[in-house]
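Protein chains in written order, with this note's numbering: chain B, 178 to 370; chain U, 178 to 370. Only one structure is covered here, and it is reproduced in the block below.
Protein chains: 2
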Amino acid sequence: MSLPYVILTILSREPATGYDISKAFSHNVGHFWKASHQQVYRELAKMTQLEWVTSELHPQVGKPDKKIYTILPLGRSKLTAWFNQPTPYTATRDEFSAKLMACSVESVDSFIQQLDVLLPEAQSLLRHYQQLENQFYHNPESLEPHAKLEHLILKRNILERQTWIKWASEVKQQLETFPTFNTVNPAGSKKAY
Amino acid sequence: MSLPYVILTILSREPATGYDISKAFSHNVGHFWKASHQQVYRELAKMTQLEWVTSELHPQVGKPDKKIYTILPLGRSKLTAWFNQPTPYTATRDEFSAKLMACSVESVDSFIQQLDVLLPEAQSLLRHYQQLENQFYHNPESLEPHAKLEHLILKRNILERQTWIKWASEVKQQLETFPTFNTVNPAGSKKAY
DNA sequence: TAGTACATGTAACAGGTTACATGATTGA
DNA sequence: TCAATCATGTAACCTGTTACATGTACTA
Numbered sequence: 178m179s180l181p182y183v184i185l186t187i188l189s190r191e192p193a194t195g196y197d198i199s200k201a202f203s204h205n206v207g208h209f210w211k212a213s214h215q216q217v218y219r220e221l222a223k224m225t226q227l228e229w230v231t232s233e234l235h236p237q238v239g240k241p242d243k244k245i246y247t248i249l250p251l252g253r254s255k256l257t258a259w260f261n262q263p264t265p266y267t268a269t270r271d272e273f274s275a276k277l278m279a280c281s282v283e284s285v286d287s288f289i290q291q292l293d294v295l296l297p298e299a300q301s302l303l304r305h306y307q308q309l310e311n312q313f314y315h316n317p318e319s320l321e322p323h324a325k326l327e328h329l330i331l332k333r334n335i336l337e338r339q340t341w342i343k344w345a346s347e348v349k350q351q352l353e354t355f356p357t358f359n360t361v362n363p364a365g366s367k368k369a370y
Numbered sequence: 178m179s180l181p182y183v184i185l186t187i188l189s190r191e192p193a194t195g196y197d198i199s200k201a202f203s204h205n206v207g208h209f210w211k212a213s214h215q216q217v218y219r220e221l222a223k224m225t226q227l228e229w230v231t232s233e234l235h236p237q238v239g240k241p242d243k244k245i246y247t248i249l250p251l252g253r254s255k256l257t258a259w260f261n262q263p264t265p266y267t268a269t270r271d272e273f274s275a276k277l278m279a280c281s282v283e284s285v286d287s288f289i290q291q292l293d294v295l296l297p298e299a300q301s302l303l304r305h306y307q308q309l310e311n312q313f314y315h316n317p318e319s320l321e322p323h324a325k326l327e328h329l330i331l332k333r334n335i336l337e338r339q340t341w342i343k344w345a346s347e348v349k350q351q352l353e354t355f356p357t358f359n360t361v362n363p364a365g366s367k368k369a370y
């Protein structure tokens, strides 16, 4: 839904190649939107056809030619239109919770084992985010506007990770006192629910 | 990804119709996975072909016939296999953050106006969740296992909503002291980033 | 009489994922 | 010599969304 508009936002700042844009997706933009390079190239091709953007070829030596994209007035106005539309609430799809629900018919023990993998992973991701914060945004007052915005987005990820860790720790604690009615995993159906 | 397995979890508890299953998606299952009835029917058709589930027609008077689905041993083992696989980290895609980033080239004021709509919405959703908690899970000790799991999932939603509200309030505060360099929204590009 | 609950689908489209495809340069 | 970086794509597939399609019974 938002993919083309995220790209248009990037191009509103300055012209860029598909490669530059996908790099942004794997760095700071990736903190709120994931997109593969294939998606980016496909989207740029579509937006070129719609005349939201244009591209110019810049030959290089020793490297493949660069195709530098620039936003067009039409694209600029499409971005504004999207920006001013009401933002729909994002539908949740959480595989971890799906497995938690499946604990009613599957082995709780093996789920706890997964938690023991996921919790440290989440903790190290959190540390990584906190490190980025210290490194790039340690002086919030002196940041340029765009960096302040990036900082806010990073803060969201930090808060979310912290919340998840807190929640998952409680889940673990609760499951440890759970009746282990399915450790051997029979194929029968449970009457419940 | 998880859709078929959520359905298999439901069917592991007891046989159900497509209608029953989609009702579950719009109630408690919907707290962690959204699926339309069309998706559910499509998935049931696919799983029937794969022999993960079977169905039996139960004629009714005055109402359309029921097609009751039952999980088959193959489906049961596919569920277990999925359950025991490592759980990948869910990719974030957040339109709200995308618009926050776009504040570097669009009107901050109009974004604050959106926040004034979204914050109360989030607050009322939070109250709704808390009401559900009081209503159905007020005595956590005496709950059946499957209800304890549902309660944990509901708690996750409560914590996430609270975190979001906290974060969004800070965003609002920060944006109110922001240089309003784009209220009139020119089509030029900003050098930054 | 209008809406909700019951009950089941088809079809087109949009967006995301994975696999395939190429090829030079630079650094460990 | 192996991996990473630079640089661009095509194609098939899967999943989610939206629109279309039908019909009864009950309740406000």
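Heads up, the beta-carbon is just placed ideally off N, CA and C, and yes, glycines get one too.
Could you name the residues of the same chain whose beta carbon sits closer than 7 Å to that of P192(U), not counting the 5 residues immediately before and after it, in chain order?
I245, Y246, T247
Please confirm whether A345(U) and L302(U) have their CB atoms less than 7 Å apart.
no
Quick check on A212(B): buried or exposed, where buried means 16 or more other Cβ atoms within 10 Å of its Cβ?
buried
Taking DSSP as the reference, what is the three-state secondary structure of T340(U)?
helix
Have a look at E233(U), F260(U), N334(U) and flag the residue whose alpha-carbon is nearest the alpha-carbon of Y182(U).
F260(U)
Return yes when the Cβ of L352(U) is within less than 7 Å of the Cβ of V285(U), no when it is not.
yes
Nearest candidate by alpha-carbon position, reference L249(B), set S232(B), K200(B), C280(B), P265(B)
S232(B)
Let's see if you can read the secondary structure: which residues bound the alpha helix (DSSP H) around H214(B)?
214-226
According to the neighbour-count rule (16 or more other Cβ atoms, all chains shown, within 10 Å of its Cβ), is H305(U) buried or exposed?
exposed
Applying a beta-carbon distance threshold of less than 7 Å, which residues of chain B neighbour N261(U)?
S287
Show which residues of chain U have a CB atom less than 8 Å away from the CB atom of L336(B).
T340, K343, W344
Using a Cβ cut-off of 9 Å, which residues of the region 292-305 of chain B contact any Cβ in chain U, in chain order?
V294, L295, E298, A299, L302
Starting from the Cα of Q215(U), find the closest Cα among L180(U), E347(U), H323(U), K240(U) and give me that residue.
L180(U)
Check A324(B) in the structure and name its three-state DSSP category.
helix
Check Y246(B) in the structure and name its three-state DSSP category.
strand
Does the beta carbon of G211(U) sit closer than 7 Å to a beta carbon anywhere in chain B?
With the sequence shown as reference, residue 211(U) is identified as Lys, and Gly is not the correct amino acid for it. True, the Cβ-Cβ gap to chain B drops below 7 Å.
Exposed or buried, what is N359(U) when buried is set at 16 or more other beta-carbons lying within 10 Å of its beta-carbon?
Below a pLDDT of 50, predicted positions are generally treated as unreliable, and N359(U), at 46, falls in that range; the measurement from the model is reported next regardless. Result: buried.
Could you tell me whether the region 221-228 of chain U touches the region 260-278 of chain U, where touching means 3 or more Cβ pairs closer than 8 Å?
no
Could you check whether the Cβ of H323(B) sits closer than 7 Å to any Cβ belonging to chain U?
yes
Would I335(B) and F209(B) qualify as a contact pair, given that the criterion is a beta-carbon distance under 7 Å?
no
R219(B) touches chain U at which residues, Cβ-Cβ below 8 Å?
None at all; the shortest Cβ gap to chain U is about 16 Å.
For S274(B), which residues in chain U fall below 8 Å Cβ to Cβ?
H208, F209, W210, I330, R333
Taking 7 Å as the CB-CB cut-off, is S179(U) touching chain B?
yes
Let me see if you follow: with CB-CB separation under 7 Å, is V238(U) close to chain B or not?
no
Cα separation between K349(U) and K325(U)?
36 Å
C-beta contact flag for I342(U) and A275(U) at 7 Å
no
Could I get the ranges of all uninterrupted alpha helix (DSSP H) runs contained in the region 224-298 of chain B, with 4 residues as the minimum, in chain order?
250-261, 272-279
What are the boundary residues of the alpha helix (DSSP H) that Y182(B) is part of?
180-190
Judging by CA-CA distance, which residue of L292(B), T194(B), L234(B) is the nearest neighbour of R219(B)?
T194(B)
Please check if any C-beta of chain U sits within less than 7 Å of the C-beta of M278(B).
yes
Do you know offhand how far I256(U)'s Cα is from K255(B)'s?
First, the residue type needs correcting, since residue 256(U) is Leu and not Ile in the sequence shown. Taking the straight line from one Cα to the other gives about 44 Å.
Cβ of L336(U) within 6 Å of any heavy atom in the ligand NAP?
This structure lacks the ligand NAP; in fact it carries no ligand of any kind.
Can T186(B) and M278(U) be called in contact, C-beta distance under 7 Å?
yes
The alpha helix (DSSP H) with Y314(U) in it runs from where to where?
No alpha helix (DSSP H) holds Y314(U); DSSP gives it neither H nor E.
Between the alpha carbons of G207(B) and K332(U), how many angstroms are there, rounded?
27 Å
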